[in-house]
Ligand SMILES: *Cc1c(COP(=O)(O)O)cnc(C)c1O
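In full-length UniProt numbering, the protein residues as written are 1 to 381.
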């Protein structure tokens with residue numbers, strides 16, 4: 001066998017033996033109840049977004065034809081950047097094609113070998129990858145441990161450029177970063193703070209402005225990243241902040257410069273999503289009702305929940321095989337949840353990742369809870 005064939009075969013075998021093999025399943029809309037998506041406000045299938053997308057495509061074309069700096073920056077992109085800046089209470093915003101690219105581009109443009117990056121251990125993979133790409137010196141502090149962060153910051157040279165980076169809502173745990181604690185650390189050590197609010201935008205704060213809200217403006221959280229493929233139901237991402245930050249990214253962020261601009265229909269649909277997000281606060285109210293109902297009933301069942309008040313509600317199960325088994329039982333009951341295993345989460349912390357959405361009915365929530373009760377029952381036998 002060639003070296004490549006045996007390399008692939010061995011990697012696949014190790015992954016399967018560890019119960020970590022990842023498989024894709026075709027998602028059909030109607031045959032399962034979806035508790036796995038990040039569509040928190042139920043906007044991904046809203047016909048008003050589809051209509052806005054079609055109208056955007058008719059008006060501007062299906063593709064944007066070029067990168068933003070060449071010829072692809074259209075008035076619908078400009079309008080969306082202004083709407084996102086206003087939603088998050090920042091002077092400016094800059095669109096990226098995906099959240100993964102926004103994080104790579106921002107870290108690569110801001111940081112180099114003379115920079116120190118301090119990340120929460122549970123930050124999203126794109127933030128870790130962005131730090132490697134930048135060539136900066138990276139330090140990781142214990143999850144949500146401000147004292148550990150303080151200790152690490154003290155060890156860095158006082159005159160070095162320092163960037164603290166954290167998820168706003170941790171994607172696999174659902175807990176919220178202590179923004180006030182982080183801003184205190186940042187100002188004590190003259191560092192900048194970057195928050196990736198992929199799961200907070202649209203869900204938290206007044207009008208869905210996110211975890212930083214209007215309270216922590218760009219003077220406290222200098223770099224704010226948001227994604228459009230979660231609560232806003234479309235695709236893409238943005239960075240929001242002061243004008244000099246945005247200008248710097250336009251000049252130096254390679255994942256911004258060397259890629260085709262977002263399709264105009266997607267930008268138009270996102271404009272509509274922002275309108276709905278701000279004008280229909282009842283969606284956030286419904287979501288928070290479902291979240292507290294789920295937590296109350298799941299803890300009555302004796303399930304191991306994590307301290308999360310967001311729509312991300314993990315159930316900790318421990319080993320990979322157990323998480324797979326529960327995922328399979330729920331699938332048989334017509335329910336799709338995320339089965340999250342290492343390396344996405346630490347070893348021994350495999351879990352079901354249940355996500356709630358404003359579109360879930362009371363009956364669907366009841367069905368989920370009885371299926372979870374049935375899992376406990378099967379294990380007890
Ligand atoms: C989903 C996610 C991203 C990536 O965003 P995409 O637009 O899906 O590429 C980045 N950061 C966090 C915290 C996320 O949850």
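Built from N, CA and C at the ideal position, the CB exists for glycine as well.
Write down the C-beta distance between residue i and residue j rounded to the nearest angstrom, noting that I regard them as a contact closer than 8 Å.
| i | j | result |
| --- | --- | --- |
| residue 147 | residue 167 | Not really, about 19 Å apart at Cβ, beyond 8 Å. |
| residue 185 | residue 149 | 6 Å |
| residue 326 | residue 316 | Their Cβ separation, rounded to whole angstroms, is 11 Å, which puts residue 326 and residue 316 out of contact at 8 Å. |
| residue 212 | residue 99 | Wrong, their Cβ atoms sit about 16 Å apart, outside the cutoff. |
| residue 307 | residue 175 | 6 Å |
| residue 56 | residue 269 | 7 Å |
| residue 350 | residue 323 | 4 Å |
| residue 372 | residue 303 | 6 Å |
| residue 42 | residue 283 | 7 Å |
| residue 127 | residue 173 | Contact flag wrong, Cβ pair sits at about 15 Å. |
What is the residue span of the alpha helix (DSSP H) that residue i lies within?
| i | result |
| --- | --- |
| residue 180 | 179–188 |
| residue 101 | 99–110 |
| residue 271 | 264–279 |
| residue 318 | No alpha helix (DSSP H) contains residue 318, which is instead part of the beta strand (DSSP E) from 312–318. |
| residue 88 | 75–88 |
| residue 259 | Segment: none, residue 259 is in no alpha helix (DSSP H) and carries neither H nor E. |
| residue 363 | 362–380 |
| residue 294 | 282–301 |
| residue 47 | 47–60 |
| residue 152 | 146–155 |
| residue 127 | 125–134 |
| residue 17 | 3–17 |
Over the uninterrupted beta strand (DSSP E) stretch that includes residue i, give me the two end residues.
| i | result |
| --- | --- |
| residue 167 | 161–167 |
| residue 192 | 192–196 |
| residue 141 | 137–141 |
| residue 115 | 115–120 |
| residue 350 | 350–355 |
| residue 92 | 92–96 |
| residue 224 | 223–227 |
| residue 240 | 237–241 |
| residue 340 | 338–340 |
In or out: residue i buried (at least 16 other Cβ within 10 Å) or exposed?
| i | result |
| --- | --- |
| residue 313 | buried |
| residue 4 | exposed |
| residue 180 | exposed |
| residue 320 | buried |
| residue 113 | exposed |
| residue 119 | buried |
| residue 382 | With the chain running from 1 to 381 in the structure shown, residue 382 is simply not present. |
| residue 105 | buried |
| residue 376 | exposed |
| residue 265 | buried |
| residue 183 | buried |
| residue 287 | buried |
| residue 2 | exposed |
Taking the alpha-carbon positions, what's the residue i to residue j distance?
| i | j | result |
| --- | --- | --- |
| residue 250 | residue 159 | 26 Å |
| residue 348 | residue 82 | 44 Å |
| residue 108 | residue 285 | 38 Å |
| residue 379 | residue 66 | 55 Å |
| residue 206 | residue 280 | 12 Å |
| residue 63 | residue 53 | 12 Å |
| residue 237 | residue 267 | 10 Å |
| residue 382 | residue 171 | The requested residue 382 does not occur in the structure, where the chain is confined to residues 1 to 381. |
| residue 141 | residue 345 | 16 Å |
| residue 192 | residue 143 | 19 Å |
| residue 364 | residue 356 | 10 Å |
| residue 70 | residue 311 | 40 Å |
| residue 68 | residue 232 | 22 Å |
| residue 256 | residue 342 | 31 Å |
| residue 130 | residue 165 | 11 Å |
| residue 134 | residue 209 | 29 Å |
| residue 178 | residue 221 | 12 Å |
| residue 85 | residue 28 | 35 Å |
| residue 156 | residue 162 | 8 Å |
| residue 12 | residue 190 | 46 Å |
| residue 101 | residue 40 | 22 Å |
| residue 45 | residue 368 | 21 Å |
| residue 61 | residue 230 | 24 Å |
| residue 382 | residue 309 | This structure cannot settle anything about residue 382, because the visible part of the chain is limited to 1 through 381. |
| residue 151 | residue 136 | 19 Å |
| residue 358 | residue 87 | 20 Å |
| residue 329 | residue 299 | 20 Å |
| residue 224 | residue 361 | 33 Å |
| residue 305 | residue 17 | 28 Å |
Check whether the Cβ of residue i lies closer than 7 Å to any heavy atom of ligand 3, and answer yes or no.
| i | result |
| --- | --- |
| residue 229 | The model depicted lacks ligand 3 and carries ligand 1 instead. |
Give a yes or no on whether 8 Å exceeds the smallest Cβ distance from residue i to chain E.
| i | result |
| --- | --- |
| residue 138 | Reference to chain E is not applicable here, since this structure consists of a single protein chain. |
Point to revise | Meets three-Cβ-pair contact criterion under 8 Å: the stretch 317–335 and the stretch 29–46 | key: Yes, since at least three Cβ pairs between the stretch 317–335 and the stretch 29–46 fall closer than 8 Å, the two stretches touch.
Exercise for review: Specify whether the stretch 242–260 and the stretch 90–106 touch according to this definition: at least 3 beta carbon pairs, one from each stretch, less than 8 Å apart.
Suggested key: yes
Point to revise | Contact between the stretch 250–270 and the stretch 61–79 (3+ Cβ pairs under 8 Å) | key: The answer is yes - the stretch 61–79 touches the stretch 250–270, with three or more Cβ pairs under 8 Å.
Review point. Is there contact between the stretch 270–280 and the stretch 191–211, where contact requires at least three CB pairs shorter than 8 Å?
Key: yes
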